[in-house]
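Novice: Residue numbers (the working numbering): 2 to 108. Built from N, CA and C at the ideal position, the CB exists for glycine as well. Here it is, the structure in full.
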Ligand code: HEC
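The following block contains the structure:
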């Protein structure tokens, strides 16, 4: 019986979207909208840069995920880049960085 419960728990945890690391589909939409509108106001609607640096795949290719995620969550003190951890979780920030690396759906 205990083994059965353990197996069920493993399956439930493994199958849950939160554990898989990707935000749920509706949240992905929200995040992409935020990326375009809010982040885009400084980084450009097409991520080619503006007040903030360009965030196209080639611009961040050499930069590790952790540094970019930190910039998103904690901001860069002393620059216009503010912290977003009030609205973006760590998993979501990693997911956003993956979207930036894919270059999609930047127009
Ligand atoms: C008010 C303007 C502004 C907004 C809004 C903004 N950023 Fe930034 N961002 C900047 C600036 C300026 C920098 C460069 C900071 C520095 O000099 O290190 C930066 C840096 C970054 C970096 C690090 C880039 C690198 O090459 O190291 C990332 C990643 C980033 N922003 C992502 C985002 C995301 C995602 C959002 C939206 C959730 C966002 N930014 C919103 C201005 C902004």
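Tell me whether residue 90, by its Cβ, gets closer than 8 Å to a heavy atom of the ligand HEC.
Specialist: The answer is no for residue 90.
Novice: Please name the residue, chosen from 52, 96, 78, 25, that lies closest to residue 67 on a Cα-to-Cα basis.
Specialist: Here the closest residue by C-alpha is 96.
Novice: Between the alpha carbons of residue 88 and residue 71, how many angstroms are there, rounded?
Specialist: If you take the alpha carbons of residue 88 and residue 71, they lie about 14 Å apart.
Novice: Are there 16 or more other CB atoms within 10 angstroms of the CB of residue 45, so buried, or fewer, so exposed?
Specialist: When all chains shown are included, residue 45 counts as buried.
Novice: Please report how far the alpha carbon of residue 18 lies from the alpha carbon of residue 92, in whole angstroms.
Specialist: Residue placement at residue 18 cannot be trusted, given a pLDDT of 49 that sits under 50; the coordinates are not used to answer.
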